[in-house]
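Asker:
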Amino acid sequence: MSSNYRAQAGLAVNGPGSWRNRGPLTPAPSVRRWWARVLDAVFVLFFTGMLIGIALALAAVNIISIDDATKVALIGYPLTALVFGALYGCTVSPGQALCGVVTLKHSGRRVGFWRGTTRYLAVAFFPITVVLLIWTIFDAPTLDLDPIDVYYRRAPQVW
């Protein structure tokens, strides 16, 4: 939407909210935004499970090796999160389409590929980061161990 149209409508260029189809958009309620995120997470997990299931089925009938199936299993989640992030940034994600919401910049334009993808990947890997942090805390050694000292590998030169 051009700023020229906003000026013709009698609004300031930086007026309130985004405009699409010659009308202002109202902010979506937080319940709809959260349900869109939850549905997107379900879609990502479903498609990741489908990729892993297909890879394991192909490995079971000796079409691909178990190593290749493991590679697909490891790359499946980031790949589907990347695809859904591209949908989120460039068009609309399936969860947003089902909930009737859209994510736009203040100017009314789409978020864009890079911003949508990085935001989606950050949200996708946040639970994994929390699990690894908790695992590290519980797996840490006790605090009553001997302190750690750092030494030179070679003896210092005497002048």
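In terms of my numbering, the sequence shown opens at residue 1 and continues consecutively.
Glycine included, each C-beta is placed from N, C-alpha and C at the ideal position.
In this text the structure is predicted, and so the values were computed from the model without any measurement.
Tell me whether Leu104 sits in a helix, a strand or coil according to DSSP, three-state version.
Answerer: As a first step, residue 104 is located in the sequence shown; it is residue number 104 there, counting from the start. Note: Leu104 maps to strand in three-state DSSP.
Asker: Which of the three DSSP states, helix, strand or coil, is assigned to Arg160?
Answerer: Past the edges of the chain, shown from 1 to 159, lies residue 160, and the structure says nothing about it.
Asker: Would Gly89 and Thr48 qualify as a contact pair, given that the criterion is a beta-carbon distance under 8 angstroms?
Answerer: The residue given as residue 89 occupies position 89 in the sequence shown. The residue given as residue 48 occupies position 48 in the sequence shown. Not closer than 8 angstroms, so no.
Asker: For Leu87 and Ala155, what's the separation of their Cα atoms in angstroms?
Answerer: On the sequence shown, residue 87 is found 87 positions in, with the first residue counted as 1. On the sequence shown, residue 155 is found 155 positions in, with the first residue counted as 1. The alpha-carbon atoms of Leu87 and Ala155 are separated by roughly 59 angstroms.
Asker: Can you find at least 3 beta carbon pairs, one from the segment 73 to 85 and one from the segment 48 to 62, that sit closer than 8 angstroms?
Answerer: These segments touch.
Asker: When you compare the segment 99 to 112 with the segment 27 to 37, are there three or more beta-carbon pairs, one atom per stretch, that lie closer than 8 angstroms?
Answerer: Touching, per the Cβ criterion.
Asker: Counting along the chain, where does the alpha helix (DSSP H) carrying Arg32 start and finish?
Answerer: As a first step, residue 32 must be located in the sequence shown, where it is residue number 32. Arg32 -> alpha helix (DSSP H) spans Ser30 to Ala60.
Asker: Work out the CA separation of Gly95 and Val111 for me, nearest whole Å.
Answerer: Here residue 111 refers to the residue found at position 111 when the sequence shown is read from its first residue. Here residue 95 refers to the residue found at position 95 when the sequence shown is read from its first residue. Near 16 angstroms, if we compare the C-alpha coordinates of Gly95 and Val111.
Asker: So, are the CB atoms of Leu121 and Ala81 less than 8 angstroms apart?
Answerer: Taking the first residue of the sequence shown as position 1, residue 121 is located at position 121. Taking the first residue of the sequence shown as position 1, residue 81 is located at position 81. In this structure, Ala81 lies closer than 8 angstroms to Leu121 by Cβ.
Asker: By the 10 Å Cβ neighbour count, where 16 or more other Cβ atoms means buried, how is Tyr77 classified, buried or exposed?
Answerer: Stepping through the sequence shown from its first residue, residue 77 is reached at position 77. With 16 or more other Cβ atoms within 10 Å, it is buried.
Asker: Hey, could you find the ends of the alpha helix (DSSP H) Ile128 is sitting in?
Answerer: For the purposes of this step, residue 128 is identified with residue 128 of the sequence shown, where counting begins at 1. Where Ile128 is concerned, the enclosing alpha helix (DSSP H) stretches over Phe113 to Asp139.
Asker: By Cβ distance below 7 angstroms, which residues in the same chain neighbour Val113 in space, the five residues on each side in sequence not counted?
Answerer: Indexing the sequence shown from 1 puts residue 113 at position 113. Here the sequence assigns Phe to residue 113, which means Val is not the residue at that position. For Phe113, where only same-chain residues beyond five positions count, the Cβ hits under 7 angstroms are Ala86, Gly89 and Cys90.
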